[in-house]
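Chemist:
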Amino acid sequence: MTEQTQYDSTEERLRQSLLRGRDGDAVAYHDFLKALTVHLRAYFRRRLSAWPDEVEDLVQEALLAIHNQRQTYDAGQPLTAWVHAIAKYKLVDLLRRRAGKERLTDPLDAVPDNAAELFSTADAEAAEARRDLHKLLAQLPDRQRLPIVRTKLEGLSVAEAAMATGMSESAIKVGVHRGLKALAALIRGDK
Amino acid sequence: MKTDELVLLLVTGVEPVERHPVGRRHALAVGIGLLGACALMLILLGLRPDLADAARLPMFWVKLAFVAALAWASLLAAMRLSRPGMGLGWVPAALVAPALAIWVLAAFVLAQAAPVEQPGLIFGATWTSCPWLIALLSVPVFVAVFWAMRGLAPTQLPLSGAAAGLLAGSLGALVYCLHCPELAAPFLGTWYLLGILIPALAGGLLGPRLLRW
Numbered sequence: 000m001t002e003q004t005q006y007d008s009t010e011e012r013l014r015q016s017l018l019r020g021r022d023g024d025a026v027a028y029h030d031f032l033k034a035l036t037v038h039l040r041a042y043f044r045r046r047l048s049a050w051p052d053e054v055e056d057l058v059q060e061a062l063l064a065i066h067n068q069r070q071t072y073d074a075g076q077p078l079t080a081w082v083h084a085i086a087k088y089k090l091v092d093l094l095r096r097r098a099g100k101e102r103l104t105d106p107l108d109a110v111p112d113n114a115a116e117l118f119s120t121a122d123a124e125a126a127e128a129r130r131d132l133h134k135l136l137a138q139l140p141d142r143q144r145l146p147i148v149r150t151k152l153e154g155l156s157v158a159e160a161a162m163a164t165g166m167s168e169s170a171i172k173v174g175v176h177r178g179l180k181a182l183a184a185l186i187r188g189d190k
Numbered sequence: 000m001k002t003d004e005l006v007l008l009l010v011t012g013v014e015p016v017e018r019h020p021v022g023r024r025h026a027l028a029v030g031i032g033l034l035g036a037c038a039l040m041l042i043l044l045g046l047r048p049d050l051a052d053a054a055r056l057p058m059f060w061v062k063l064a065f066v067a068a069l070a071w072a073s074l075l076a077a078m079r080l081s082r083p084g085m086g087l088g089w090v091p092a093a094l095v096a097p098a099l100a101i102w103v104l105a106a107f108v109l110a111q112a113a114p115v116e117q118p119g120l121i122f123g124a125t126w127t128s129c130p131w132l133i134a135l136l137s138v139p140v141f142v143a144v145f146w147a148m149r150g151l152a153p154t155q156l157p158l159s160g161a162a163a164g165l166l167a168g169s170l171g172a173l174v175y176c177l178h179c180p181e182l183a184a185p186f187l188g189t190w191y192l193l194g195i196l197i198p199a200l201a202g203g204l205l206g207p208r209l210l211r212w
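Spelled out as structure tokens, the structure:
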């Protein structure tokens, strides 16, 4: 297989998984996020060579961003372009946050940046994340934390979670949605 | 939390996403913003008294078409910029075209007019207030479109803010047409455009702060 066909098949496979995942197919969505994780890790590791400790945190931040914004992907656009724009946005955002702490040269200039590279490199070696999402999760208000804990960590259905918490089913869904966005805001350090 | 655990957390119990969030949020923002702009115009300025007569003049409709074309192109820009990795495509050309058209018309009108009439065609009677009133009427759409974009994923923040401001400015100008007595193309190509560019500039400056996600 040439590099181009390899790239095209990755693009098409991931695109199908995301589209099925958006319709609520958890198995396809799991494949999508697992495959994306290794591509994101390779992409960030190459650009954060000066701060290897940041790589896994940024992978997690990008995964959360991609999940929270998955409805903004237009089925007619290349998936690579969409993922690359988010990955680059989160990378630049991280560098900007760090810019206050120390002088840095922009690694985006040091490493040539193109969207096609994203799906042609992979890195399955997960480092330890420095930021503990469990701790951030604990900071969320109950109306967001409980729905996430019940449906996403304990694996209850929305109806079961509603029974267990005494919240309505729509409050559970809204709580999960807003809670994951609030988690992303905590990571950014907005609050 | 390990990355595998995070992936599992995101995947578990995943619900289908809403359809057409970009179009829906922008349509809602434009609708509510326009209502707000109309209310502001009626309360603060009032309709022009001779609106029914003005509506018989072709130039009244040329003026509406000019600002409506700008609004349409900036809505497309704002929607495309709300999706990561979606380029602007041919939208910049659609944004420039109405301005070019009104300038060509303005040049033609000025060339036809006697020298003594030319300042009147450019300055009209209201040039000191026109840009500021358009900027004022753009505020409701400005707030609403920024709300819409904040729930989506713009990655080019100054550009996205400017597109949101341009949309607010051109819709503000559209509503202002119902009050404004001016119809000369040189006036529109100068003061209307300036009024529309004030919120666009404000949006470009505020984008990085307000649209971060």
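Protein sequence lines correspond, in order, to chains A and B. Residue numbering for the first sequence follows numbering that gives the first Met the number 0, beginning at 0 and increasing consecutively. Residue numbering for the second sequence follows numbering that gives the first Met the number 0, beginning at 0 and increasing consecutively. Beta carbons are placed, not taken as given, at the ideal position from N, Cα and C, and that holds for glycine.
According to DSSP, is Tyr72(A) part of a helix, a strand, or is it coil?
Modeler: Three-state DSSP puts Tyr72(A) in coil, outside helix and strand.
Chemist: For Gly164(B) and Gly86(B), what's the separation of their Cα atoms in angstroms?
Modeler: Gly164(B) and Gly86(B): Cα-Cα distance of roughly 19 Å.
Chemist: Kindly indicate if chain B contains any beta-carbon less than 7 Å away from that of Lys151(A).
Modeler: Interface residue, yes.
Chemist: Could you spell out the range, first to last residue, of the alpha helix (DSSP H) harbouring Leu173(B)?
Modeler: Start and end: Leu156 to Tyr175.
Chemist: What do you reckon, are the CB atoms on Pro15(B) and Gly23(A) nearer than 7 Å?
Modeler: In this structure, Gly23(A) lies closer than 7 Å to Pro15(B) by Cβ.
Chemist: Just verifying my parser: in three-state terms, what is the DSSP assignment at Asp141(A)?
Modeler: Helix.
Chemist: Using a Cβ cut-off of 7 Å, pull out every chain A residue sitting near Gly10(B), in sequence order please.
Modeler: Here the sequence assigns Val to residue 10(B), which means Gly is not the residue at that position. Within chain A, the residues near Val10(B) are Ala25, Tyr28, His29 and Leu32.
Chemist: Please determine if the region 162-169 of chain A and the region 143-151 of chain A are in contact, where contact requires at least 3 C-beta pairs separated by less than 8 Å.
Modeler: Result yes; three or more Cβ-Cβ pairs closer than 8 Å.
Chemist: Looking at the C-beta of Gly203(B), does it have a partner C-beta in chain A at a distance below 7 Å?
Modeler: No, its Cβ sits nowhere closer than 7 Å to a Cβ of chain A.
Chemist: Could one say the Cβ of Pro207(B) lies closer than 7 Å to chain A's Cβ atoms, at least one of them?
Modeler: It does not; no Cβ of chain A falls within 7 Å.
Chemist: Near Ala67(B), what residues of its chain come up, given a Cβ to Cβ distance below 7 Å and the 5 sequence neighbours on each side ignored?
Modeler: Counting only Cβ-Cβ distances below 7 Å, and skipping sequence neighbours, we find Leu173.
Chemist: Spatial neighbours of Ala98(B) within its chain, please: C-beta separation below 8 Å, excluding the five flanking residues on both sides.
Modeler: Cβ within range, chain order: Leu69, Gly188 and Leu192.
Chemist: Roughly how many whole angstroms lie between the Cα atoms of His19(B) and Ala25(A)?
Modeler: Approximately 21 Å between the Cα atoms of the pair.
Chemist: Let me check understanding here. Comparing Cα to Cα, which of Pro77(A), Ser16(A) and Lys180(A) lies closest to Asp7(A)?
Modeler: Closest option to Asp7(A), Cα to Cα, is Pro77(A).
Chemist: Can you list, in chain order, the residues of its chain with a C-beta nearer than 8 Å to that of Ala80(A)? Leave out the 5 residues immediately preceding and following it.
Modeler: Contacts found: Ala114.
Chemist: For Ile65(A), tell me which candidate among Asp52(A), His29(A) and Ala121(A) has the shortest Cα-Cα distance.
Modeler: If we check each option's Cα against that of Ile65(A), His29(A) comes out closest.
Chemist: Pull up the distance between the alpha-carbon of Pro243(B) and that of Glu116(A), whole angstroms please.
Modeler: Nothing can be reported for residue 243(B), as the shown portion of chain B is limited to 0 through 212.
Chemist: What's the C-alpha gap between Lys151(A) and Leu39(A)?
Modeler: The straight-line gap from Cα to Cα measures roughly 23 Å.
Chemist: Run down chain A in chain order and give the residues with a C-beta less than 8 Å from the C-beta of Ser81(B).
Modeler: Thr71, listed in chain order.
Chemist: Can you look up His38(A) in the DSSP assignment and give me helix, strand or coil?
Modeler: DSSP places His38(A) in helix when its eight states are reduced to three.
Chemist: Buried or exposed, going by whether 16 or more other CB atoms sit within 10 Å of the CB of Arg21(A)?
Modeler: The residue in question, Arg21(A), is buried, as its Cβ has 16 or more Cβ neighbours within 10 Å.
Chemist: When you compare the region 118-126 of chain A with the region 168-178 of chain A, are there three or more beta-carbon pairs, one atom per stretch, that lie closer than 8 Å?
Modeler: Because the criterion of three Cβ pairs below 8 Å is not met, the region 118-126 of chain A and the region 168-178 of chain A do not touch.
Chemist: Can at least three beta-carbon pairs, one atom from the region 51-67 of chain A and one from the region 132-151 of chain B, be found at a separation below 8 Å?
Modeler: Judged by Cβ distances under 8 Å, the region 51-67 of chain A makes no contact with the region 132-151 of chain B, as fewer than three pairs qualify.
Chemist: Which residues in the same chain as Pro153(B) place their Cβ atom closer than 7 Å to its Cβ, once the five residues preceding and following it in sequence are excluded?
Modeler: Contacts found: Leu80, Ser81, Ser159 and Leu210.
Chemist: Reducing DSSP to helix, strand and coil, say where Asn67(A) ends up.
Modeler: Here Asn67(A) sits in helix by DSSP.
Chemist: Excluding the five sequence neighbours on either side, which residues of its own chain have a C-beta within less than 8 Å of the C-beta of Val54(A), listed in chain order?
Modeler: Around Val54(A): Arg40, Phe43, Arg44, Leu47 and Ala126.
Chemist: Is it buried or exposed for Phe107(B), if we count other Cβ within 10 angstroms and need 16 for buried?
Modeler: Exposed.
Chemist: Please state whether DSSP places Arg187(A) in a helix, a strand or coil.
Modeler: Reduced to three states, the DSSP call for Arg187(A) is helix.
Chemist: Nearest chain B C-beta to Thr120(A) closer than 7 Å, yes or no?
Modeler: Chain B contact via Cβ: absent.
Chemist: Of all Cβ atoms in chain A, is any one closer than 7 Å to the Cβ of Leu196(B)?
Modeler: With 7 Å as the cut-off, Leu196(B) does not count as an interface residue toward chain A.
Chemist: Let me know the alpha helix (DSSP H) ranges lying completely inside the region 61-139 of chain B, each 4 residues or longer, listed in chain order.
Modeler: Those alpha helix (DSSP H) runs which fall completely within the region 61-139 of chain B and span 4+ residues are 90-111, 117-122 and 129-136.
Chemist: Under 7 Å, do Glu10(A) and Phe118(A) count as touching if we go by C-beta distance?
Modeler: Cβ distance < 7 Å, so Glu10(A) and Phe118(A) count as in contact.
Chemist: Can you name the start and end residues of the alpha helix (DSSP H) that Leu33(B) belongs to?
Modeler: Here the alpha helix (DSSP H) through Leu33(B) covers Pro20 to Leu43.
Chemist: If we cut at 7 Å on Cβ distances, does Leu117(A) have a partner in chain B?
Modeler: It does not; no Cβ of chain B falls within 7 Å.
Chemist: Look at the alpha carbon of Ala96(B) and the alpha carbon of Lys33(A), and state the distance between them as a whole number of angstroms.
Modeler: Rounded to the nearest angstrom, the two C-alpha atoms are 46 Å apart.
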